[in-house]
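> Here it is, the structure, as structure tokens.
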Amino acid sequence: MGNTVVSERLHKFCSVFTSEIYGIYLALTKMDSFNKNFIVYTDAKSAVEALKKINTLSHPLALKCAEMHKYLTEKGLSIAFCWIPGHAGISGNEKADQASKTASLILENFVPLGDARRAVGILILKKWQSIWDEQQVNKLHEFYPSVRHVIISNLYRRQDVILTRLRIGHTRLTHKHLLCSESPPMCSRCQSILSVKHILIECPNFNIFRLNRFGRNITIRDLLGENPHLNLFLFLKDIGFDKLI
1 MGNTVVSERL HKFCSVFTSE IYGIYLALTK MDSFNKNFIV YTDAKSAVEA
51 LKKINTLSHP LALKCAEMHK YLTEKGLSIA FCWIPGHAGI SGNEKADQAS
101 KTASLILENF VPLGDARRAV GILILKKWQS IWDEQQVNKL HEFYPSVRHV
151 IISNLYRRQD VILTRLRIGH TRLTHKHLLC SESPPMCSRC QSILSVKHIL
201 IECPNFNIFR LNRFGRNITI RDLLGENPHL NLFLFLKDIG FDKLI
């Protein structure tokens with residue numbers, strides 16, 4: 001097509017794959033007015049592979065490319081697709097890059113369903129993260145600062161229950177007083193209110209066991225985070241806390 005340069009800009013929700021295959025579709029639409037053979041060069045290997053395996057579940061633009069290709073070949077045109085590694089050494093690459101950056105025509109109404117769903121999912125995740133970050137008094141925030149699907153652990157159910165109670169800070173030892181209308185339990189050595197953090201990290205009564213199982217400079221997140229310390233349950237058994245959770 002000579003030195004013709006054509007560029008369009010898609011909606012910001014469109015994926016990289018959509019943009020790449022739309023570039024191929026755009027090239028095909030410009031071939032209709034020519035009576036010659038064409039080779040479409042692209043560095044989008046995934047797009048080329050998609051065009052080789054067209055089926056009813058294919059990307060809508062891949063289907064459009066297939067329809068346009070069929071229409072053009074029936075008119076007598078010969079069209080081939082060729083993958084190239086990153087436009088290396090291809091004349092006109094600078095023009096193509098510049099055109100992609102300065103495209104002014106925006107197809108605001110064109111967003112494939114898959115891209116729209118992905119974009120909405122990202123927006124929801126960002127909103128969820130924003131709300132979660134405001135939960136400063138939520139004890140779980142310390143162990144799960146980022147919202148995402150929690151990986152199912154390989155722990156036994158009893159261990160999973162113990163870990164969850166430790167994370168939210170509610171155990172029989174530290175919270176039984178609420179059910180019995182009593183004063184909160186106190187640490188006999190430190191004279192401070194017993195809490196999960198005090199027992200696991202702070203109380204000097206358990207320093208020897210703590211050092212033996214975890215080493216030095218351990219944090220509550222090291223013990224109860226998304227990947228809890230391997231020796232956590234051994235430590236709980238060492239100090240007798242496992243039966244009081």
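Mapping to the UniProt record's numbering: the sequence shown position 132 is 132, numbers consecutive.
For every residue, glycine included, the Cβ atom is placed at its ideal position computed from N, Cα and C.
Only a predicted model underlies this, so the values are computations on that prediction, with no experimental measurement involved.
(1) Considering only residues of the same chain and omitting the five flanking positions on each side of ILE198, which have a CB-CB separation below 8 angstroms?
(2) Return the chain-ordered list of same chain residues with a C-beta closer than 6 angstroms to the C-beta of ILE239, the five sequence neighbours on each side being excluded.
(3) Quick check for students: name the residue ranges of the alpha helix (DSSP H) that lie wholly in the stretch 185-209, counting only runs of 4 or more.
(4) In whole angstroms, give me the CA-to-CA distance for GLN129 and LYS70.
(5) Please confirm whether LEU200 and LEU173 have their CB atoms less than 8 angstroms apart.
(6) Whose C-beta lies closer than 8 angstroms to the C-beta of residue 254 among residues of the same chain, with five residues either side of it excluded?
(7) Does DSSP classify ILE79 as helix, strand or coil?
(8) Checking 8 angstroms against the spacing of the C-beta atoms, do ARG118 and SER15 come in under that value?
(9) If you follow the alpha helix (DSSP H) that THR18 is part of, which residue opens it and which one closes it?
(10) Between the C-alpha atoms of ARG167 and ALA27, what's the straight-line distance to the nearest angstrom?
(11) Quick one: Cα of ASN55 to Cα of THR42, how far?
(12) Can you tell which of LYS127, GLU67 and GLU226 has its C-alpha closest to the C-alpha of LEU140?
(13) Using three-state DSSP, classify VAL40 as helix, strand or coil.
(14) Within 8 angstroms, do at least three Cβ pairs link the stretch 229-238 to the stretch 170-184?
(15) Helix, strand or coil for LYS53, going by three-state DSSP, please let me know.
(16) Buried or exposed: where does ILE24 fall if 16 or more other Cβ atoms within 10 Å of its Cβ makes it buried?
(17) To the nearest angstrom, how far is it from the Cα of PHE17 to the Cα of ALA44?
(18) Tell me the rounded alpha-carbon separation between PRO204 and GLU134.
(19) Helix or strand or just coil, what does DSSP make of GLN159?
According to the structure data:
(1) Here residue 198 turns out to be His, not Ile, going by the sequence shown. Contacts found: CYS187, CYS190 and SER192.
(2) PHE206 and PHE209
(3) Restricting attention to alpha helix (DSSP H) runs no shorter than 4 residues, the stretch 185-209 encloses none.
(4) Taking C-alpha positions only, GLN129 is separated from LYS70 by approximately 47 angstroms.
(5) Not in contact: LEU200 and LEU173 (Cβ atoms no closer than 8 angstroms).
(6) This structure cannot speak to residue 254, because the chain is shown only from 1 to 245.
(7) Reduced to three states, the DSSP call for ILE79 is strand.
(8) yes
(9) 16-29
(10) 57 angstroms
(11) 22 angstroms
(12) GLU226
(13) Here DSSP, grouped into helix, strand and coil, assigns VAL40 to strand.
(14) Contact check between the stretch 170-184 and the stretch 229-238: fewer than three CB pairs, one atom from each, fall below 8 angstroms, which does not count as touching.
(15) LYS53: coil per DSSP, three-state reduction.
(16) With 16 or more Cβ atoms within 10 Å of its Cβ, ILE24 is classed as buried.
(17) 8 angstroms
(18) 33 angstroms
(19) helix
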